[in-house]
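All remarks here apply to the structure that follows.
In full-length UniProt numbering, the protein residues as written are 1 to 175.
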């Protein structure tokens, strides 16, 4: 069973750790990571549109089934966000990211209607496209593609707000 640490909205650890899928109570937040992966053969920033590795969520996923999205997931109890980002990419796409290649793109708070939410860290890195194709976890991922930035942004903008998408545009400018 996977466990997560519970935080206040301002990022203070509450001292509570619970199973990942247990219901959260009003005022409880947990850490979550996303990883934006631009291919190493993409043009340098400002020299053309980058290519991004995007995964289609499992058709049986609890949230956003079948949608094209970034790789990511919950930060486990006691885990650092950077370690969670590296772990999620390895688990979902079997891609190894060296810690020194991973950079923080932006952070934000996601508030949900029930009074709970996420403390979100969005990381960015450049990665090689595997020569023999992507090996992915079929329980979490239905398909993987490489897309130009405009297509990537189109796919993720339908389930993310304008501020989040503006953060992705900033990543495209500097990654």
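Yeah, the Cβ is synthetic: ideal placement off N, Cα and C, and Gly gets one too.
Quiz item: By DSSP, does residue 9 sit in helix, in strand, or in coil?
Solution: Coil at residue 9, not helix or strand.
Practice problem: Enumerate in chain order the residues of its own chain whose CB-to-CB distance from residue 9 is below 6 Å, with the five nearest sequence positions on each side excluded. | Solution: Closer than 6 Å at the Cβ level, and outside the excluded window around residue 9, lie 29.
Quiz item: What are the boundary residues of the beta strand (DSSP E) that residue 42 is part of?
Solution: Unbroken run through residue 42: none, as it is neither H nor E.
Exercise. Output the boundary residues of the beta strand (DSSP E) element that contains residue 58.
Key: For residue 58, there is no enclosing beta strand (DSSP E), since its DSSP letter is neither H nor E.
Exercise. My understanding is that residue 167 touches residue 122, with C-beta atoms under 8 Å, so please give their C-beta distance in whole angstroms.
Key: Going by Cβ atoms, the distance from residue 167 to residue 122 rounds to 6 Å, so yes, they are a contact pair.
Practice problem: Return the first residue and the last residue of the beta strand (DSSP E) that residue 123 is part of. | Solution: Counting along the chain, the unbroken beta strand (DSSP E) around residue 123 starts and ends at 117-127.
Quiz item: From what residue to what residue does the beta strand (DSSP E) around residue 106 run?
Solution: Per DSSP, residue 106 belongs to the beta strand (DSSP E) from 103-111.
Quiz prompt | Endpoints, the beta strand (DSSP E) within which residue 74 is located | solution = For residue 74, the enclosing beta strand (DSSP E) starts and ends at 71-74.
Quiz item: Is the beta carbon of residue 172 sitting closer than 9 Å to the one on residue 137?
Solution: The criterion of a C-beta distance shorter than 9 Å is not satisfied by residue 172 and residue 137.
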